[in-house]
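Enquirer: Going by our numbering, the residue at position 388 of the sequence shown is 461; the numbering climbs one at a time, nothing skipped.
For every residue, glycine included, the Cβ atom is placed at its ideal position computed from N, Cα and C.
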Amino acid sequence: MMINVISAYATQVGCEMEEKERFWSELDKVVDGVPRKERLVIGADFNGHVGEGNRGDEEVIGRYGFKERNVEGQMVVDFAKRMEMAVVNTYYKKKDGHKVTYKSGGRCKQVDYVLCSRCNLKEIGDCKVLAGDSVARQHRMVVGRMVLEAKKKRRRVRTERRIRWWKLKEEKCSVRFREEVKRNVAKAKEKAYKDLYERLNTKEGEKDLYRLARQRDRAGKNVMQVRAIKDGDGNVLTSEESVLRRWREYFEQLMNEENERERGLDDVELVKQDVDKISKEEMRAAIKRMKSGKSVGPDDIPVEAWRCLGEMAVEFLTRLFNILEGERMPEEWRSVLVPIFKHKGDVQSCSNYRGINLISHTMKLWERVVEARLREEVTICEQQYGFMPRKSTTDALFALRMLMEK
């Protein structure tokens with residue numbers, strides 16, 4: 074429901090007729106801009122007297138005006154006729170004290186009016202002047218009571234179409250049904266491809282083209298189930314048990330490969346000290362730093378679930394994460410999902426697949442807290458690019474290439 078309210082102030086009685094006509098022309102334009110289906114109310118000082126009685130003008134004014142009509146009042150009546158509006162003040166029988174809107178010295182006038190669309194006049198319950206309240210030195214307040222009823226749109230109850238599935242038991246009907254389905258599916262696919270090709274040929278369709286290419290590339294790399302794989306000697310394994318065992322051996326060897334490095338901490342003494350309990354502030358900071366939309370681990374609990382719980386999650390996780398005192402951790406945190414994705418090369422070679430560790434998001438939150446504490450204790454040089462905020466290893470590679478070109 075939309076209500077438009079217009080406030081106006083007409084030219085005074087002593088002004089030139091050209092100026093008065095300009096005012097009414099501008100008001101006509103404003104009213105014409107209001108959609109017909111929306112309600113319209115005008116409150117204005119028209120500086121005119123519409124007068125008492127309504128002979129010949131019953132459609133726009135009532136019988137209860139005030140005194141005689143003048144030229145400016147006739148302009149108000151003509152405007153109401155043009156715009157199919159009604160002068161609300163004149164439809165309610167009141168004492169003169171509740172009609173007079175302007176009082177100065179010994180002069181009493183009715184020059185302030187409320188107008189509404191004729192079709193909405195029945196929604197006005199009352200309109201009068203508040204004799205004791207003045208909004209200006211000479212003008213009194215005009216008030217009205219408008220009652221609006223919001224009609225609820227009835228929702229059409231959609232009944233499900235009844236499918237006569239038992240008709241398919243008849244052989245002729247069943248054959249006809251299958252042919253019709255194939256025909257409609259073929260038409261739908263043809264139309265879908267046609268619309269797709271037309272969209273891809275436009276400038277806006279370039280993004281869709283790259284998106285489809287990425288989807289096709291990912292679809293070719295993602296392997297839902299590897300049925301055959303080669304062992305370390307090149308023999309093909311086909312049984313499910315041997316394939317799983319081979320994958321385990323491969324990732325154990327890959328993840329636990331030792332590189333040669335100097336050990337300079339063998340003679341350092343072990344230092345023991347008390348560790349502060351994890352606080353709620355640390356917990357809030359850890360939840361805030363976690364990224365949304367990431368794949369979940371074995372427990373299927375995303376970080377978004379903890380965010381939705383708000384302070385309840387902060388309090389619960391704070392108690393849970395203080396397991397540092399008991400030197401224990403949930404068994405679920407020890408499990409990791411490793412989905413594999415196909416690279417180029419032999420489909421039966423483990424080295425041509427890429428694995429990703431999916432850890433529980435709750436475990437990652439605990440790691441964020443521990444990591445934040447470690448970063449406060451360790452000084453990292455500015456040349457460190459990996460696992461550093463607002464830095465990337467690609468920046469170092471770019472700088473190295475620039476130096477090589479020089």
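Which runs of the alpha helix (DSSP H), 4 residues or longer, sit entirely within the stretch 397-457?
Expert: 434-450
Enquirer: How long is the line joining the alpha carbons of Leu-317 and Asp-304, rounded to whole angstroms?
Expert: 11 Å
Enquirer: Give the range of the beta strand (DSSP E) segment to which Asn-77 is assigned.
Expert: 76-82
Enquirer: Does any heavy atom of the ligand NAD sit closer than 6 Å to the C-beta of Lys-479?
Expert: Among the components of this structure there are no ligands whatsoever, and the ligand NAD is therefore not found.
Enquirer: For Pro-412 and Ile-432, what's the separation of their Cα atoms in angstroms?
Expert: 11 Å
Enquirer: Could you tell me if Glu-331 is buried or exposed, where buried requires 16 or more neighbouring beta carbons within 10 angstroms of its beta carbon?
Expert: exposed
Enquirer: Whole angstroms is fine: what's the gap from Ser-465's alpha carbon to Ala-472's?
Expert: Approximately 12 Å between the Cα atoms of the pair.
Enquirer: Relative to the C-alpha of Met-74, which residue among Glu-91, Val-103, Pro-108 is closest?
Expert: The residue with the shortest Cα to Cα distance from Met-74 is Pro-108.
Enquirer: Pick from Cys-423, Ile-374, Tyr-426: whose alpha carbon is nearest that of Trp-406?
Expert: Checked all of Cys-423, Ile-374, Tyr-426; the closest Cα to Trp-406 is Ile-374.
Enquirer: Pick from Val-114, Cys-189, Ile-134, Cys-88: whose alpha carbon is nearest that of Lys-166?
Expert: Ile-134
Enquirer: My guess is that Trp-379 and Ile-396 are in contact by the Cβ rule of under 8 Å, so how many angstroms apart are they, rounded?
Expert: The Cβ separation is near 17 Å, so there is no contact.
Enquirer: To test your reading of the DSSP string, which unbroken beta strand (DSSP E) runs of 3 or more residues are found completely within the stretch 192-221?
Expert: Within the stretch 192-221, the complete beta strand (DSSP E) runs of at least 3 residues are 197-207, 213-219.
Enquirer: Do Arg-441 and Arg-392 count as a contact pair if the criterion is CB distance below 7 Å?
Expert: no
Enquirer: Figure out for me which residue from Gly-146, His-171, Arg-136 has the closest Cα to the Cα of Gln-85.
Expert: Taking only the C-alpha atoms, the option nearest Gln-85 is Gly-146.
Enquirer: Nearest by alpha-carbon distance to Arg-446: which of Arg-251, Glu-354, Val-161 is it?
Expert: Glu-354
Enquirer: Beta carbon of Arg-136, beta carbon of Gly-124: below 7 Å?
Expert: no
Enquirer: Among residues of its own chain, excluding the 5 on either side of Ala-83, which ones have a beta-carbon nearer than 6 Å to its beta-carbon?
Expert: Phe-96, Phe-119, Asn-120
Enquirer: Ala-223 lies in the alpha helix (DSSP H); which residues open and close that run?
Expert: Per DSSP, Ala-223 belongs to no alpha helix (DSSP H) and is neither H nor E.
Enquirer: Name the residue from Asp-347, Leu-100, Glu-89 whose alpha carbon lies nearest to the alpha carbon of Ile-79.
Expert: Leu-100
Enquirer: How is Lys-350 classed by DSSP in three states: helix, strand or coil?
Expert: coil
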